[in-house]
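Below: the structure, in structure tokens.
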Amino acid sequence: MQTSPDRHEYPAHWEADVVLRDGGTARVRPITVDDADRLVSFYEQVSDESKYYRFFAPYPRLSAKDVHRFTHHDFVDRVGLAATVGGEFIATVRYDRIGADGTPASAPADEAEVAFLVQDAHQGRGVASALLEHIAAVARERGIRRFAAEVLPANTKMIKVFTDAGYTQKRSFEDGVVRLEFDLEPTDRSLAVQYAREHRAEARSVQRLLTPGSVAVIGAGRTPGGVGRSVLGNIRDAGFTGRLFAVNKALPEEQKELDGVPAHRSVRDIDGPVDLAVVAVPAEHVPEVVAECGEHGVQGLVVVSAGYAESGLDGRERQRALVRQARSYGMRIIGPNAFGIINTSPRVRLNASLAPEVPRPGRIGLFAQSGAIGVALLSRLHRRGGGVTGVTGVSTFVSSGNRADVSGNDVLQYWYEDPDTDVVLMYLESIGNPRKFTRLARRTAAAKPLVVVQGARHGAAAPQGHAVRATRLPHATVSALLRQAGVIRVDTITDLVDAGLLLARQPLPAGPRVAILGNSESLGLLTYDACLAEGLRPHPPQDLTTAASAADFHAALSRALADDRCDAVVVTAIPAVGEGSVADAALAQALRSATAAAPSKPVLVVHVELGGLAEALSAAAGTAPRLKPDSVPQNAPQLRPDSAPQQAAADRRPGPADQPRTAAGEHPEALHPHPAGPDRAPAAPETPEGTHLIPAYPAAERAVRALAQAVAYAQWRRDAADPGRVPEYDDIDVKGAAALIDGLLARGQGPALGPDETCDLLGHYGIEVHRSLPAPTPDAAAEAARALGYPVALKATAPHLRHRADLGGVRLDLADEEQLRRSYAEMTEMFGTAEELRPVVQRMAPRGVDVVVRAVIDPAAGAVLSFGLAGAASQLLGDTAHRLIPVTDREANSLVRSIRTAPLLFGWRGSAPADTRALEELLLRVSRLVDDHPEVVAVTLEPVVVASHGLSVLGASLRLAPPPARDDLGPRTLPAY
0 MQTSPDRHEY PAHWEADVVL RDGGTARVRP ITVDDADRLV SFYEQVSDES KYYRFFAPYP
60 RLSAKDVHRF THHDFVDRVG LAATVGGEFI ATVRYDRIGA DGTPASAPAD EAEVAFLVQD
120 AHQGRGVASA LLEHIAAVAR ERGIRRFAAE VLPANTKMIK VFTDAGYTQK RSFEDGVVRL
180 EFDLEPTDRS LAVQYAREHR AEARSVQRLL TPGSVAVIGA GRTPGGVGRS VLGNIRDAGF
240 TGRLFAVNKA LPEEQKELDG VPAHRSVRDI DGPVDLAVVA VPAEHVPEVV AECGEHGVQG
300 LVVVSAGYAE SGLDGRERQR ALVRQARSYG MRIIGPNAFG IINTSPRVRL NASLAPEVPR
360 PGRIGLFAQS GAIGVALLSR LHRRGGGVTG VTGVSTFVSS GNRADVSGND VLQYWYEDPD
420 TDVVLMYLES IGNPRKFTRL ARRTAAAKPL VVVQGARHGA AAPQGHAVRA TRLPHATVSA
480 LLRQAGVIRV DTITDLVDAG LLLARQPLPA GPRVAILGNS ESLGLLTYDA CLAEGLRPHP
540 PQDLTTAASA ADFHAALSRA LADDRCDAVV VTAIPAVGEG SVADAALAQA LRSATAAAPS
600 KPVLVVHVEL GGLAEALSAA AGTAPRLKPD SVPQNAPQLR PDSAPQQAAA DRRPGPADQP
660 RTAAGEHPEA LHPHPAGPDR APAAPETPEG THLIPAYPAA ERAVRALAQA VAYAQWRRDA
720 ADPGRVPEYD DIDVKGAAAL IDGLLARGQG PALGPDETCD LLGHYGIEVH RSLPAPTPDA
780 AAEAARALGY PVALKATAPH LRHRADLGGV RLDLADEEQL RRSYAEMTEM FGTAEELRPV
840 VQRMAPRGVD VVVRAVIDPA AGAVLSFGLA GAASQLLGDT AHRLIPVTDR EANSLVRSIR
900 TAPLLFGWRG SAPADTRALE ELLLRVSRLV DDHPEVVAVT LEPVVVASHG LSVLGASLRL
960 APPPARDDLG PRTLPAY
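In case it helps, numbering that gives the first Met the number 0 puts the sequence shown at residues 0 to 976.
This is the structure in structure tokens:
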């Protein structure tokens with residue numbers, strides 16, 4: 000690396016891995032004097048036409064002077080970056096700082112000329128776009144605000160790179176050359192372009208892993224058993240549609256097959272491309288395998304080998320080296336220590352995992368960081384009877400293990416536009432980039448349900464194998480932010496599957512009104528109570544009695560679904576004994592035929608010891624007596640009670656070998672998406688007749704909890720269609736606040752500001768803080784009270800007594816000097832000297848409800864606004880609500896109403912309602928302050944007294960710091976854990 004004294008130190012923080020348009024990866028790094036040979040080799044592989052476009056003239060080779068110029072940089076005024084794959088250059092970009100006359104210059108000149116050269120074999124992969132993002136970020140860091148580029152008119156590809164970037168630009172034409180000038184400050188459009196490119200690239204990188212045309216299992220043992228041999232058998236038995244190879248360097252040279260699969264000693268020996276390699280060799284042999292795969296052109300790896308970060312510090316370094324090595328060849332990794340991946344599409348049929356059976360095809364995408372939890376989820380979704388009964392299916396499954404490279408964010412990018420996935424279920428033990436995850440989750444949730452359960456919620460750290468950035472936010476806050484982004488947050492994997500079944504099978508409810516009907520009064524009442532506990536609005540249960548027939552259920556369900564006052568129906572059923580009792584298959588058919596006539600409302604079944612009913616509800620068309628929606632008469636036909644087992648057996652019969660069947664037994668082409676809309680679930684599986692599959696639950700509370708989650712999600716979808724706006728206020732002085740902040744930071748003020756500076760800064764945003772005067776003595780307290788005017792409050796500001804009226808640290812409504820001096824004496828006698836108490840005097844504010852407003856910038860999650868009532872009770876209960884900044888007017892409105900103690904603000908038990916409009920405005924002003932000035936890293940307003948008319952901010956604290964890095968505003972990079 001360059002070390003000469005006239006040059007800046009090598010900027011290692013500019014190094015980054017990026018995902019390209021086709022899903023491959025490349026390394027971006029500064030060019031140094033050591034790269035002369037690489038540069039020459041790279042240039043020799045560029046076509047004459049590309050050279051002409053770069054230099055505006057025939058330029059067959061680089062001179063020694065050129066090589067010196069293009070490899071010697073000061074990393075300030077002259078910078079060159081290279082994109083590399085396998086250690087070799089595939090593209091370069093450089094800038095040279097220029098002055099107003101276009102000649103080389105140094106700071107404070109803030110313009111630079113920029114030029115690219117991309118090897119022809121790698122054009123069209125998005126390399127130039129990625130390099131432009133990185134060179135622009137470098138330039139901004141070095142004080143350059145504008146780029147200029149001269150391009151030949153025929154070089155349309157490069158012109159498109161500049162014009163599509165989204166920067167504010169100016170274009171001119173002179174002397175046969177197109178001159179482009181553009182500002183480097185990120186704009187809404189440039190960020191949108193960057194996010195769109197990131198989405199396409201990351202989605203494509205996951206698609207390459209999940210839809211390979213050829214797979215090699217490296218480490219398939221010569222004897223049965225073992226991880227590699229098991230994965231090989233699972234891929235073969237699943238009927239993988241591509242080419243499959245077994246690789247083991249210990250195989251005898253004469254052995255050409257292993258379990259009927261072509262076998263080789265090395266991946267290099269395979270004739271033809273290998274898209275995916277499953278690596279199942281000891282960790283110490285993995286680097287050799289990765290090198291062979293990279294040299295053979297393998298696109299991605301699933302590393303099931305253990306012995307990495309989960310095993311300690313040495314393993315963590317081994318894991319980092321693995322990621323660096325794989326990315327250097329353009330490969331992405333699932334793992335290490337991964338359980339594997341599954342794709343049930345009939346076009347792929349891939350089971351590159353340790354799961355011995357492929358789950359039934361379906362519409363649920365499943366992601367689990369833990370292999371053990373992945374097994375449990377697959378088992379619950381696969382089995383019939385017990386737990387959540389009935390059949391549902393999986394589109395794709397990813398178990399990421401240590402998720403050293405491919406993470407839940409990457410898979411979300413893929414599932415967002417995957418036509419085979421309608422519902423996403425995720426088990427997460429850590430979130431490496433909460434800011435990005437919430438952004439992707441919000442976009443995904445607007446199109447399809449996203450259900451998440453977080454493991455290790457109450458642990459002190461992420462699992463040992465997960466190297467992630469720390470967040471200072473408590474779990475409850477992170478959960479609230481996920482819910483704001485539309486994520487359906489659940490606490491257990493049972494709830495995860497329960498919610499997934501409902502969302503995959505039924506439309507979203509239009510509201511919280513629930514009809515309950517069934518043949519058990521007790522079970523109906525339990526369901527009613529569960530609805531009330533979950534915040535739903537149930538109708539009184541309708542008891543059909545234990546003598547109810549299938550026709551009775553059909554008629555009652557039809558009436559409920561036709562009722563405009565009903566948004567969802569819960570059917571309760573218990574087994575009946577005696578002649579004429581309803582049979583499982585007949586009841587299931589009656590319910591399904593009733594729902595076919597009103598498919599816009601969700602229906603759930605709560606059953607008690609009716610395994611046959613759950614199976615019949617999920618049965619494929621043709622496995623139960625078929626009734627048209629309008630053909631269930633008063634005397635509906637019933638099966639004999641002993642016919643249910645035979646019916647269930649028929650349901651379990653496999654279909655034709657060449658027609659893979661979905662979770663419900665129908666052929667894949669029978670699955671049709673629903674029309675998109677804020678109140679409709681996307682693409683619930685249907686039978687050919689168009690009826691929904693009805694989810695069945697063994698307990699009322701589980702069914703109702705899933706329904707409540709669907710109701711809340713449907714409301715979020717409707718709200719997301721109109722998220723509101725960030726209002727403008729005429730009295731906000733952004734420039735004045737910025738000048739004050741710059742001055743305070745320049746003087747070394749901070750991190751905590753004094754009372755005067757805090758009041759001044761908040762005043763620039765229209766937030767007035769009531770003055771408080773120090774009272775070190777009784778006489779000083781009396782003088783302060785005379786200056787402020789009675790009545791006053793006497794407060795101790797020592798940390799252990801601050802805002803603690805319950806401990807006696809606050810005395811209110813002191814009407815005269817006598818009361819003030821008496822209270823002063825009582826406080827000092829009770830709690831200590833004035834030096835210990837730090838008392839202050841403050842003018843009384845109108846009575847109202849005391850609340851607390853806080854804002855903080857978390858390095859991982861971003862800026863967060865929090866709100867709750869003041870007092871020990873709210874702190875004890877954790878009754879605080881949170882929103883990501885910037886907050887819109889609709890979000891401020893919901894924030895005020897989302898705490899459990901919100902009724903105190905709205906006239907609870909006859910009290911005067913508080914001025915919530917003024918409170919919402921205060922929240923919006925604080926949000927604007929933190930959003931406009933990232934140097935404001937913490938704000939606390941406590942207490943804020945919200946009266947019937949207006950509010951009073953009685954205490955405020957504020958912290959300043961240099962703005963933290965915003966990785967979401969910088970160039971696209973893969974995380975380096």
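The C-beta atom is built at its ideal place from N, Cα and C for all residues, glycine as well.
Beta-carbon contacts of residue i that lie in its chain and below 7 Å, excluding the five residues immediately before and after
i      : result
ARG846 : ALA946
TYR166 : PHE181, ASP182, LEU183, THR186, SER189
ILE97  : PRO103, ALA104, ALA108, GLU110, ALA111, GLU112
ARG564 : ARG512
THR70  : ILE30, THR31, VAL32, ASP34, ALA35, LEU38
PRO272 : SER213, GLY296
ASP914 : VAL945, ALA946, SER947, HIS948, GLY949, LEU950
Cβ neighbours of residue i in the same chain (closer than 6 Å, five flanking residues each side left out)
i      : result
ILE158 : VAL150
ALA699 : LEU525, THR526, ALA529, VAL605
ALA547 : ASN518
GLU14  : ARG28
GLY370 : PHE338, SER398
GLY227 : VAL216, GLY218, ALA219, GLY220, ALA279
PRO640 : Residue confidence for PRO640 is low, a pLDDT of 32 falling below 50, so the modelled location carries little weight; the figure read from the coordinates is stated next. Contacts found: ALA582.
GLY485 : ARG441, ALA444, TRP715
DSSP beta-bridge partners of residue i
i      : result
TYR696 : VAL605
PHE181 : PHE146, GLN168
PRO537 : VAL513
VAL451 : MET425, ARG488
PRO773 : VAL839
PRO29  : LEU80
ASP542 : GLY517
ALA15  : VAL27
ILE340 : ALA351, VAL397
ILE269 : Answer is none; ILE269 lacks a bridge partner.
TYR94  : VAL78, VAL113
The ligand FAD heavy atom lying under 7 Å from the CB of residue i
i      : result
ASN336 : The ligand content of the structure shown is nil, which means the ligand FAD is not present either.
Expected contact under 8 Å - CB spacing of residue i and residue j to nearest Å
i      : j      : result
VAL977 : LEU522 : This structure does not reach residue 977, given that the chain is present from 0 up to 976, and the question cannot be answered.
ALA780 : LEU811 : No, ALA780 and LEU811 are not in contact; Cβ-Cβ is about 14 Å, not under 8 Å.
PRO29  : VAL78  : 7 Å
LEU411 : LEU439 : 5 Å
VAL938 : LEU957 : 5 Å
TYR764 : ALA797 : Not really, about 29 Å apart at Cβ, beyond 8 Å.
PRO750 : LEU940 : About 17 Å separates the two Cβ atoms, so there is no contact after all.
Spatial neighbours of residue i in its chain, beta-carbon cut-off 8 Å, leaving aside the 5 residues before and after
i      : result
ARG971 : VAL17, VAL18, ALA129, GLU132, GLN193, ARG196, GLU197, ALA200
SER3   : Low confidence applies to SER3: its pLDDT is 40, below 50, so where it sits in the model is not reliable enough to give any reading.
ARG348 : ALA237, GLY238, PHE239, THR240, ASN342, VAL357, PRO659
ASP721 : ARG889
ALA774 : ALA780, ALA783, LEU793, TYR823, ALA833, PRO838, VAL839, VAL840
Inset, instruction - Would you check if the segment 59 to 68 and the segment 110 to 121 touch, i.e. whether three or more CB-CB distances between them fall below 8 Å? - result: no
Inset, instruction - Decide yes or no for the touch test of the segment 412 to 430 against the segment 30 to 48: beta carbon pairs closer than 8 Å, at least 3 of them. - result: no
Inset, instruction - Report yes or no: do the segment 469 to 488 and the segment 434 to 454 share at least 3 C-beta pairs separated by less than 8 Å? - result: yes
Legend entry - Given 8 Å, three or more beta-carbon pairs between the segment 175 to 189 and the segment 374 to 383: no
Inset, instruction - Tell me the start and end of each unbroken alpha helix (DSSP H) in the segment 694 to 748 that is at least 4 residues and wholly inside, in chain order. - result: 699 to 719, 733 to 745
Legend entry - the segment 866 to 874 / the segment 885 to 901 touching (three or more Cβ pairs under 8 Å): yes
Legend entry - Segment contact, 8 Å Cβ cut-off, at least three pairs: the segment 696 to 708 with the segment 493 to 502: yes
Inset, instruction - State whether the segment 199 to 215 contacts the segment 311 to 319, with contact taken as three or more CB pairs (one from each stretch) at a distance under 8 Å. - result: no
Inset, instruction - Can you check the segment 759 to 836 for any beta strand (DSSP E) of at least 3 residues that lies completely inside it and give the ranges in chain order? - result: 771 to 773, 791 to 795, 809 to 813
Inset, instruction - Report yes or no: do three or more beta-carbon pairs, one from the segment 328 to 336 and one from the segment 431 to 445, lie closer than 8 Å? - result: no
Inset, instruction - At 4 residues or longer, and completely inside the segment 846 to 912: list those alpha helix (DSSP H) runs for me, N to C. - result: Within the segment 846 to 912, the runs of alpha helix (DSSP H) at least 4 residues long that lie entirely inside it are, in chain order, 871 to 876, 888 to 896.
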